[in-house]
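**Student:**
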């Protein structure tokens, strides 16, 4: 996952606006308390939750084929009107914190799991109580963990966003790609640097693409389980070993980090000048329309046989705490989490479904791009959802510049020691 992607994708959010206020009320709203009917034991979720009389919802989400389809299908099934308002992913949380208490907020919103700590601490979300057991039975354990805070499940997890390798089969053909040694061998045979042709290309200007190599050798972000911000493992022995290997790939990608931007990579890739790239599932639909055959695959094994896991984020849906229609909002959030909607999201965006039933590789035997990402999902590290992750997920001015310097020749230990200290100082300064 690249720094650029972090700015856009890691903050993915969706919102339902408060229907009762409809943006017109000037009275201050109070957080909703879930009515008795929606406080039923989670195992009773198979008995359909009854929406409030006259319920109407406002849905904050960019207008996309998915959001429009979801609204249409929900209205058809439940006869509850939903107004879709075009709100950008990265604007939802701040907008809700401002508008919710004023009675202009959302009924339900989509949120990247990195925002969960902020959402809970600001009192912006209701727990996923009525559908809790169903959700836990349906979704991957890591998805449940990502949407839980202090042991309470808050959201309705739906999809994963992560990078993997895209392969131009017209160029790579049947070349062996089982290990990084294979990638290097192919790149050396294909590279024609004066003509901007590369066997392999990745963005070297952010920590996201370096992390798999660091993690393969024992590096981590915040503790082994992602919950301890006092235990930063980005400069431990394993992380540094992984960084040295990452740095060694400059042999086949002999460019300065500043010349490996996403724009440069995508332009050359779409011109058919690159054999293999690391990029996100969110570009799958775009890449499949290119005039050459595209497949995807997980990052291959390291020379020592270890598997490099990619960083993965989780997106899904939440019920806003100021909604006046919590039952209707929960029905909609649960509907958005359904397997049907997860497959629709995958079709439209390339994001990966998180339902256990949708991890079967046979489902994607005719879709080699999604299949590769499903395999990569099994080799991933879900990003911590603690608030301190904001220093890495968004405008990362600490660790990513350090990775860039290392790629360009700086000493890995000295540079990462300084970066980790800077990260610790930033965290301490925010407390």
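Residue numbers (mature numbering (1 follows the signal peptide of the UniProt record, and there is no 0)): -19 to -1, 1 to 412. Backbone N, C-alpha and C define an ideal beta-carbon position, used for all residues, glycine too. Note that the structure is a prediction, hence the values are computed from the model and not measured.
Could you tell me the boundaries of the alpha helix (DSSP H) in which residue 97 lies?
**Tutor:** 97 to 102
**Student:** Does DSSP put residue 252 in a helix, a strand or coil?
**Tutor:** coil
**Student:** Give me, in chain order, the residues of the same chain whose beta-carbon lies closer than 6 Å to that of residue 199; leave out the 5 immediate sequence neighbours on both sides.
**Tutor:** 219
**Student:** Do you know how far the Cα of residue 74 is from the Cα of residue 397?
**Tutor:** 32 Å
**Student:** Going by CA-CA distance only, name the one from 246, 147, 167 and 162 that's closest to residue 156.
**Tutor:** 167
**Student:** Pick out whichever of 42, 54 and 281 has its Cα sitting closest to the Cα of residue 92.
**Tutor:** 42
**Student:** According to the Cβ coordinates, are residue 88 and residue 310 closer than 8 Å?
**Tutor:** Taking 8 Å as the cut-off, the Cβ atoms of residue 88 and residue 310 count as close.
**Student:** Measuring straight from C-alpha to C-alpha, what distance separates residue 106 and residue 389?
**Tutor:** 44 Å
**Student:** Quick one: grab the DSSP three-state call for residue 71.
**Tutor:** If DSSP states are grouped into helix, strand and coil, residue 71 belongs with the helices.
**Student:** What does the Cβ neighbour count give for residue 246, buried or exposed, with the cut at 16 atoms within 10 Å?
**Tutor:** buried
**Student:** Use the C-beta contact count for residue 129: other C-beta atoms within 10 angstroms, 16 or more gives buried, fewer gives exposed.
**Tutor:** buried
**Student:** Just list the residues that DSSP pairs residue 293 with in beta bridges.
**Tutor:** 363
**Student:** Among 77, 377, 194 and 78, which residue has its Cα nearest to the Cα of residue 217?
**Tutor:** 194
**Student:** DSSP on residue 170, reduced to helix/strand/coil?
**Tutor:** helix
**Student:** Among 298, 266, 325 and 353, whose alpha-carbon lies nearest the alpha-carbon of residue 116?
**Tutor:** 298
**Student:** Exposed or buried, residue 273, counting other C-beta atoms within 10 Å across all chains shown (16 or more means buried)?
**Tutor:** exposed
**Student:** For residue 340, which option in 325, 359 and 348 has the closest C-alpha, if you only look at C-alpha atoms?
**Tutor:** 359
**Student:** Sorted by chain position, which residues of the same chain lie with C-beta nearer than 8 Å to residue 18's C-beta, five sequence neighbours on each side aside?
**Tutor:** Caution is warranted here: a pLDDT of 36 is assigned to residue 18, below 50, making its placement in the model unreliable, and no coordinate value can be reported.
**Student:** Restricting to Cα atoms, I'd like to know which of 145, 125, 44 and 113 is closest to residue 355.
**Tutor:** Cα-wise, what sits closest to residue 355 is 145.
**Student:** What does DSSP give as the partner residues of residue 147 in its beta bridges?
**Tutor:** 258 and 277
**Student:** Cα-Cα, which of 371, 124, 399 and 180 is closest to residue 411?
**Tutor:** 371
**Student:** For residue 413, which of 321, 226, 136 and 365 has the nearest alpha-carbon?
**Tutor:** Residue 413 falls outside the range modelled here, since the chain spans only -19 to 412, and no answer is possible.
**Student:** Following a CB-centred definition, is residue 268 positioned closer than 7 Å to any heavy atom of the ligand GDP?
**Tutor:** As presented, the structure is devoid of all ligands, the ligand GDP included, so that no description of it is given.
**Student:** Between 385, 265, 202 and 222, which has its C-alpha nearest residue 287's C-alpha?
**Tutor:** 222
**Student:** Tell me the rounded alpha-carbon separation between residue 294 and residue 364.
**Tutor:** 6 Å
**Student:** Is residue 119 helix, strand or coil by DSSP?
**Tutor:** helix
**Student:** So, with DSSP's three-state summary, where would you put residue 330?
**Tutor:** In the three-state reduction of the DSSP assignment, residue 330 falls in the helix class.
**Student:** Short check: CB of residue 97 to CB of residue 366, under 8 Å?
**Tutor:** yes
**Student:** Can at least three beta-carbon pairs, one atom from the stretch 249 to 260 and one from the stretch 165 to 183, be found at a separation below 8 Å?
**Tutor:** yes
**Student:** Using CA atoms only, rank isn't needed, just tell me which of 399, 57, 383 and 395 is closest to residue 189.
**Tutor:** 383
**Student:** Could you compute how far the alpha carbon of residue 36 sits from the alpha carbon of residue 85?
**Tutor:** 16 Å
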